[in-house]
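J.: Per this note's numbering, the very first residue in the sequence shown carries number 202; after that it's consecutive.
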Amino acid sequence: MTRKTPVRPRARAPKSRNPARGANAPSIPAAEFASRRRRVLESLKGAVGAVFAGDADPHLEHGYRPHAHFEYLSGVTDEPGAIILFDPSHPQESKRITLLLKPLNPEVEKWDGFRHEIGSALRERTGFDTVVRTTLLPRLLLEGARRTKRLACLMPLSAHTAPVSPDLELFRRSAERIPGCVIEDRTPTIALMRAAKSAAEVSCIRRAGEITAAGFDAVLRSLRPGQNEFDVQRVIEQAYRDHGARTLAYRTIAGGGFNATVLHYHANDQMLGDGDCIVIDSAARWNGYSADVTRTYPVNGRFSTRQRQVYEIVLESQLAAIRACRAGRTLLDVDDAARAVIRKAGYGDFFIHGIGHHLGLETHDASPDAPLPIGAVVTIEPGIYIPQEKLGVRIEDDVLVTKTGATVLTPSISKDPDEIERRMRSR
C-alpha cells in the first residue's frame with residue numbers, strides 16, 4: 202500500500218560546534234541552562250517576559266548566531282526566530298517556561314537543512330519541557346497578560362536611532378489590548394546574571410585562551426621582517442583551527458609600524474619592516490565563549506631601547522590594573538590604576554581608550570553598571586600609541602575576579618620582554 206503523503210526525512214542530530222570536542226572538553230551542562238531560566242522566572246515575580254533569538258541573515262553574508270541572552274538561557278544556537286516565553290503565574294508549572302520555534306517550512310529546509318518535528322526528541326535536545334510553534338505566541342501572551350496585567354522587558358534597550366527592542370515592540374501591542382496592563386523594565390536582570398560567570402563558563406573561556414595561546418606561539422616562531430601583516434593573520438588563525446576552534450572571537454588586528462597606532466586596524470595588508478613593532482589583537486572562541494588577547498612583538502626579534510621603554514610602561518600599567526581588579530570595585534577603579542602609571546610616566550595623552558570590558562558569550566559582553574562581582578571575567582588592555590614615532594604598544598589579558606583578587610586566564614602567552622626576545626631567538 203503506497204503512502205498518499207511524502208515521508209518527511211528524519212532530521213539529523215545537530216553536529217558538535219567543535220570538531221575537537223571530547224568527553225572532557227569544556228561545555229555548559231543542560232542543568233545549568235535550566236537553572237538560569239528558573240532564576241529569570243523567579244526574578245519576574247509574576248510578570249510575563251520574553252527573550253528573542255533573532256533572525257538569520259537571509260543573504261548568508263554572516264553566519265547565524267542567536268542573541269547572547271537567548272544563547273545564555275537555552276544553549277540553542279540553530280533555531281533562528283525562536284523565543285523563550287516566561288509566564289510565572291501559569292497554573293501549569295511545566296508551561297511557565299515555553300520555547301517557541303518557527304513553523305516548519307519544507308521549501309526553506311531544502312536550502313537550510315531539515316528541522317525537528319515537535320516531540321520528545323526535540324524536548325530532550327533543547328532541555329525545555331514545553332516546545333511549541335511561534336504561531337501560538339499571540340494566544341499565549343494574551344492569556345498571560347490578562348492573568349497578570351504585567352509585562353516585563355528583558356532584552357537590552359535600543360539606542361534612540363535603532364529599532365525598538367523586540368519584546369518592547371511586542372508588549373506595546375499587547376498592552377494596548379488589555380486595560381490596566383503595564384510594561385516593566387527588567388532589562389538589567391540577564392545582564393547581571395551574565396556578569397558573574399559559572400565554573401563551566403570560566404572553563405570555556407580558559408579553553409578559548411589556551412587555543413589563542415597556540416596561535417600567538419605560532420606567530421612567535423614565524424615572525425620576521427619582510428612578511429606581510431596578512432601572513433601573521435593567516436598563521437595565528439590557522440593555529441586556532443588546528444587546535445579545535447571553528448570561529449574567531451572577532452576580526453584579527455595585525456598592525457605593524459604606524460598601523461600599530463590604529464586601534465581598530467583591519468586592513469592587515471602592509472609589509473613588516475625591520476625595526477617595526479606589531480600589535481596583534483586576536484582570539485579564538487570555544488563553545489560560544491570568547492577570549493580576547495593582545496600582544497606587541499618586535500618584528501626582528503629585538504626591542505629597540507625606545508620600544509622597550511614604552512613597552513615596560515604599558516606592562517607596568519597592566520600589572521597595576523590586574524592588582525586593582527577585585528570584587529566590589531568597578532572597571533573605572535581598575536582604569537584609574539592603569540592610567541595612573543601611564544600618566545606618571547608622561548604618556549597620559551597617548552592612552553586613548555578604556556582599560557577593558559566584560560568578556561563571555563560576546564567579546565564585549567553584557568556590562569551592567571555595577572561593581573565587579575566574584576566570577577566576572579574582564580579584559581585588561583592598557584596601551585600607548587605614538588603615531589609620530591610609528592609606535593604602538595598594547596598588552597591585553599583576560600582576568601577572572603575571585604574571592605581573593607584576580608586570576609589571569611591567559612597566563613601562558615608571553616608578555617615579558619626578555620622572554621619574548623629569548624623565544625624569538627630560539628626559533
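No residue lacks a Cβ here, since even glycine has one placed at the ideal position from N, Cα and C.
Would you call Ser236 buried or exposed, if buried means 16 or more other Cβ atoms sit within 10 Å of its Cβ?
T.: To locate residue 236, count along the sequence shown from 1; it is residue 35. By the 10 Å Cβ count, Ser236 comes out exposed.
J.: Using only alpha-carbon positions, find the residue among Ile384, Thr299, Lys296 that is nearest to Arg373.
T.: Within the sequence shown, the letter at position 172 stands for residue 373. Of Ile384, Thr299, Lys296, the residue nearest in Cα terms is Ile384.
J.: Tell me the start and end of each unbroken alpha helix (DSSP H) in the segment 376 to 410 that is at least 4 residues and wholly inside, in chain order.
T.: The segment 376 to 410 contains these whole alpha helix (DSSP H) runs: 389 to 396.
J.: Kindly identify the DSSP beta-bridge partner or partners of Glu243.
T.: On the sequence shown, position 42 is the one that residue 243 refers to. None; Glu243 has no bridge partner.
J.: Mark Arg238 as exposed unless 16 or more other C-beta atoms lie within 10 angstroms of its C-beta, in which case mark it buried.
T.: One-based indexing of the sequence shown puts residue 238 at position 37. Buried: at least 16 other Cβ atoms inside 10 Å.
J.: Nearest to Val463 by CA position, among Asp599, Pro227, Ser366, Phe552, is which residue?
T.: Locating residue 463 in the sequence shown gives position 262, where the first residue counts as 1. Comparing Cα-Cα distances from Val463 to each of Asp599, Pro227, Ser366, Phe552, the minimum goes to Phe552.
J.: Among His317, Gly557, Arg334, Pro426, whose alpha-carbon lies nearest the alpha-carbon of Gly168?
T.: Look at the range of the chain in this structure, 202 to 628, and you will see that residue 168 is not part of it.
J.: Return the residue from the list Asp279, Glu517, Ile391 that minimises the CA-CA distance to Glu310.
T.: Residue 310 sits at position 109 when you count from the first residue of the sequence shown. Of the listed residues, the one whose Cα sits closest to Glu310 is Asp279.
J.: Between the beta-carbon of Ala522 and the beta-carbon of Pro583, is there less than 8 Å?
T.: One-based indexing of the sequence shown puts residue 522 at position 321. One-based indexing of the sequence shown puts residue 583 at position 382. Yes; because the gap between Cβ atoms is below 8 Å, this pair is in contact.
J.: Determine the DSSP secondary structure at Val594, reduced to helix, strand or coil.
T.: To locate residue 594, count along the sequence shown from 1; it is residue 393. Strand.
J.: Taking contact to mean 3 or more Cβ pairs, one atom from each stretch, closer than 8 Å, check whether the segment 475 to 495 and the segment 399 to 408 are in contact.
T.: Yes: the two stretches touch, three or more of their Cβ pairs being nearer than 8 Å.
J.: Use the C-beta contact count for Asn306: other C-beta atoms within 10 angstroms, 16 or more gives buried, fewer gives exposed.
T.: As a working mapping, residue 306 is identified with position 105 in the sequence shown. When all chains shown are included, Asn306 counts as exposed.
J.: Report the residue from Arg628, Arg509, Val542, Ala525 whose alpha carbon sits nearest the alpha carbon of Ala607.
T.: To locate residue 607, count along the sequence shown from 1; it is residue 406. The shortest C-alpha separation from Ala607 is found at Ala525.
J.: Please work out which residues of its chain come closer than 6 Å, Cβ to Cβ, to Arg209, disregarding the five sequence neighbours upstream and downstream, and give them in chain order.
T.: By 1-based counting over the sequence shown, the position of residue 209 is 8. Only weak support exists for where Arg209 lies, its pLDDT of 42 falling under 50; the value from the coordinates is given anyway. Excluding sequence neighbours, Arg209 sits near nothing in its chain.
J.: Can you name the start and end residues of the alpha helix (DSSP H) that Arg527 belongs to?
T.: Along the sequence shown, one-based indexing puts residue 527 at 326. Run containing Arg527: none; DSSP gives neither H nor E here.
J.: Any chance the segment 413 to 423 sits against the segment 434 to 444, with 3 or more Cβ pairs inside 8 Å?
T.: Yes, they touch.
J.: Is there contact here, the segment 472 to 483 with the segment 443 to 456, by at least three beta-carbon pairs under 8 Å?
T.: Segments in contact, yes.
J.: Within its chain, find whatever has a CB closer than 7 Å to the CB of Pro499; leave out the 5 residues flanking it on each side and keep chain order.
T.: The count along the sequence shown starts at 1 and reaches residue 499 at position 298. Counting only Cβ-Cβ distances below 7 Å, and skipping sequence neighbours, we find Cys478, Gln508.
J.: Decide yes or no for the touch test of the segment 459 to 476 against the segment 238 to 257: beta carbon pairs closer than 8 Å, at least 3 of them.
T.: Counting Cβ pairs under 8 Å, fewer than three are found: no touch.
J.: Check this for me: beta carbons of His559 and Ala577, under 8 Å apart or not?
T.: The residue given as residue 559 occupies position 358 in the sequence shown. The residue given as residue 577 occupies position 376 in the sequence shown. It is a contact, given that the beta carbons lie within the stated cut-off.
J.: What's the call for Arg213, buried or exposed, on a 16-neighbour Cβ count within 10 Å?
T.: In the sequence shown, counting from the first residue as 1, residue 213 sits at position 12. Unreliable placement is indicated for Arg213, whose pLDDT of 42 sits below 50; the coordinate value is still reported in the next sentence. Exposed: under 16 other Cβ atoms inside 10 Å.
J.: Which class does Val463 belong to by DSSP, given the choice of helix, strand or coil?
T.: As a position in the sequence shown, residue 463 is number 262, starting the count at 1. In this structure, Val463 counts as coil in the three-state DSSP scheme.
J.: Note down the Cα distance separating Glu370 from Ala251, rounded to an integer number of angstroms.
T.: Taking the sequence shown and counting its residues from 1, one reaches residue 370 at position 169. Taking the sequence shown and counting its residues from 1, one reaches residue 251 at position 50. Distance between the alpha carbons of Glu370 and Ala251 is about 11 Å.
J.: Going straight from the alpha carbon of Glu294 to that of Ile285, what length do you get?
T.: Start at 1 with the first residue of the sequence shown, and residue 294 comes out as number 93. Start at 1 with the first residue of the sequence shown, and residue 285 comes out as number 84. Roughly 15 Å between the two C-alpha positions.
J.: Could you compute how far the alpha carbon of Asp386 sits from the alpha carbon of Ala484?
T.: Position 185 of the sequence shown holds residue 386. Position 283 of the sequence shown holds residue 484. Near 35 Å, if we compare the C-alpha coordinates of Ala484 and Asp386.
J.: Roughly how many angstroms lie between the CA atoms of Pro220 and Pro267, to the nearest whole one?
T.: Along the sequence shown, one-based indexing puts residue 220 at 19. Along the sequence shown, one-based indexing puts residue 267 at 66. Any reading at Pro220 must be qualified, since the residue scores a pLDDT of 42, below 50, and its modelled position is unreliable; no value is offered.
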